[in-house]
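Residue numbers (full-length UniProt numbering): 1 to 473.
First up is the structure itself, then whatever we jot down about it.
Right, dumping it as structure tokens:
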């Protein structure tokens with residue numbers, strides 16, 4: 001009888017279109033699914049950590065429906081896997097690759113240590129459409145600009161989706177497992193967990209239903225409506241893609257099929273899927289993007305760090321209604337409209353002259369769709385310090401953006417209670433979710449703007465020109 005295989009699940013909490021799981025089953029012996037709460041996973045922000053716990057619970061139920069189970073262990077991944085292999089007689093460990101620098105460093109160490117013990121250690125694709133090293137320029141390098149990257153992959157075949165297994169071969173005896181509740185992954189969310197939970201769509205079935213609903217109701221108008229803050233024009237699949245509850249390849253094929261049917265928004269949706277791949281492409285090739293200016297010439301730019309202004313930005317108290325609406329939407333739902341992400345990032349880094357890393361860390365703590373590559377790429381794009389970035393002198397005006405993308409103030413009134421005589425549940429839920437120490441109440445007067453928009457823009461431009469002149473000297 002073929003010895004067991006351990007499959008180490010991370011951000012691939014699904015059964016359908018799972019290349020690594022298919023390979024593990026193909027070995028012929030029992031497959032023992034494992035999830036490890038290792039030191040790297042322990043450092044997740046409050047919202048993504050809570051969402052991970054919910055995703056793990058849902059995936060464990062899916063495995064149980066196949067007669068399998070998810071073994072939970074806490075500790076250093078290499079030691080946990082080696083111990084489990086010894087307990088179960090497993091001779092192989094398989095997993096799906098990740099490209100962010102923290103995961104790559106961990107996984108390289110795990111692979112080396114397991115192989116030193118004589119175990120087969122194999123990583124597989126599945127988190128992306130195309131592994132970063134497989135997309136090269138004509139000179140053999142990596143892409144630094146999105147549009148050429150898009151042209152390079154738009155007609156490439158990522159392969160067919162793989163069906164979910166009908167069953168997972170089980171061992172004669174299961175190893176012991178931790179209790180997920182003992183991990184208390186949602187503890188840091190405190191009051192906000194129940195409120196965010198009402199907006200989350202957790203698990204593989206929910207992810208597929210969300211994709212199907214978007215294909216039926218949303219993709220045709222995606223090009224025209226995806227920037228509208230007041231209308232449901234986006235897919236919201238980022239939450240599920242971040243944990244692999246739906247495969248990006250399934251999204252790709254769905255979009256291609258919609259293109260063939262003539263859906264006008266399908267190609268734009270496909271480009272957004274590829275943008276995610278591009279972010280991981282850059283993180284793989286230039287891992288410093290997650291913590292340092294991608295462009296070295298931005299080192300020394302006079303951004304401020306944490307400050308009272310940054311605190312008011314985080315709490316949705318800037319006095320700019322569309323900015324505050326976006327920040328409150330994130331705290332209530334765990335997500336934020338993509339157009340709003342650009343606006344709040346531009347406002348923080350330019351009007352408030354605050355370091356993009358302040359915003360990156362806050363998003364890392366608050367987003368249930370947090371993705372290390374997309375978060376870093378988005379913040380450096382908005383700040384002007386990243387690859388293929390918006391020029392620093394392109395400064396979004398929150399007021400005019402609100403007029404264009406929220407013309408009847410629906411979005412602003414939905415999330416900012418102080419703007420309505422009778423605020424709705426979503427606006428009031430914000431005050432139920434935030435820490436009591438913030439001492440916020442919907443009856444308080446709405447704050448005056450932190451900065452005059454025109455003067456803030458001029459200050460940012462003056463700083464940019466001065467920095468450019470110093471760098472050129």
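Ideal Cβ placement from N, Cα and C applies to all residues, glycine included.
Predicted model only: the values in this text are computed from it and were never measured.
Query, Result
"Where does residue 145 land, buried or exposed, given buried means 16+ other C-beta within 10 angstroms?", "exposed"
"Please state the DSSP three-state secondary structure of residue 443.", "coil"
"What first and last residue would you give for the beta strand (DSSP E) that runs through residue 321?", "Counting along the chain, residue 321 falls outside any beta strand (DSSP E), though it belongs to the alpha helix (DSSP H) covering 321 to 333."
"Give the single residue among 228, 435, 197 and 39 whose Cα lies nearest to the Cα of residue 338.", "228"
"Give me the Cα-Cα distance between residue 142 and residue 278, rounded to the nearest whole angstrom.", "10 Å"
"Residue 301 by DSSP, collapsed to three states: which one?", "coil"
"How would you write the range of the beta strand (DSSP E) that residue 32 sits in, first residue to last?", "31 to 37"
"Taking the continuous beta strand (DSSP E) assigned at residue 71, which residues delimit it?", "71 to 74"
"To the nearest angstrom, how far is the alpha carbon of residue 290 from that of residue 82?", "30 Å"
"Under 8 Å, with one C-beta from each stretch per pair, do the region 372 to 392 and the region 326 to 345 reach the 3-pair mark?", "yes"
"Is residue 334 closer than 8 Å to residue 196 when the C-beta atoms are compared?", "yes"
"Is the distance from the Cβ of residue 299 to the Cβ of residue 126 below 8 Å?", "no"
"For residue 46, name the three-state secondary structure that DSSP assigns.", "helix"
"Taking buried to mean at least 16 other C-beta atoms within 10 Å of its own C-beta, is residue 465 buried or exposed?", "exposed"
"Identify which residue in 306, 468, 163 and 406 has its Cα closest to the Cα of residue 25.", "163"
"What is the residue span of the beta strand (DSSP E) that residue 95 lies within?", "92 to 96"
"What residue does the alpha helix (DSSP H) around residue 471 start on, and which one ends it?", "453 to 472"
"Among all the DSSP beta bridges, which residues are the ones paired with residue 122?", "94"
"Would you give the residue range spanned by the alpha helix (DSSP H) that residue 252 belongs to?", "248 to 260"
"Which residues in the same chain have their Cβ closer than 6 Å to the Cβ of residue 192, if we skip the five residues on either side of it in sequence?", "433"
"According to DSSP, simplified to helix, strand and coil, what is residue 114?", "helix"
"With a cut-off of 8 Å on the beta carbons, I'd call residue 67 and residue 170 a contact; round off their distance for me.", "6 Å"
"Within the continuous beta strand (DSSP E) that includes residue 8, where are the two ends?", "5 to 9"
"Taking only the alpha-carbon atoms, compute the straight-line gap between residue 130 and residue 206 and give it to the nearest angstrom.", "25 Å"
"Does the region 456 to 464 come into contact with the region 362 to 377, if we say contact requires no fewer than three beta-carbon pairs (one atom in each stretch) closer than 8 Å?", "no"
"Tell me, please, which residues DSSP counts as bridged to residue 354.", "304"
"On a Cα-Cα basis, can you pick out the residue from 31, 35, 147 and 309 that is closest to residue 448?", "309"
"On the DSSP letters alone, give me the boundaries of the alpha helix (DSSP H) that residue 181 sits inside.", "180 to 183"
"Can you tell me where the alpha helix (DSSP H) with residue 284 in it begins and where it stops?", "266 to 285"
"Once the 5 residues before and after residue 428 are set aside, which same chain residues still bring their CB inside 8 Å of it?", "417 and 442"
"Skipping 5 residues on each side, what residues in its chain have a beta carbon closer than 6 Å to that of residue 96?", "12, 20, 124, 126 and 127"
"Using 8 Å as the Cβ pair cut-off and three pairs as the minimum, do the region 39 to 55 and the region 217 to 233 touch?", "no"
"Of all the options 230, 329, 48 and 453, which has the alpha carbon lying nearest to the alpha carbon of residue 407?", "230"
"Please report the residue range of the alpha helix (DSSP H) in which residue 414 lies.", "410 to 415"
"Under 7 Å Cβ to Cβ from residue 355, same chain only, skipping five residues before and after it: list those, please.", "303, 304 and 305"
"Between the region 248 to 260 and the region 312 to 332, are three or more C-beta pairs nearer than 8 Å?", "no"
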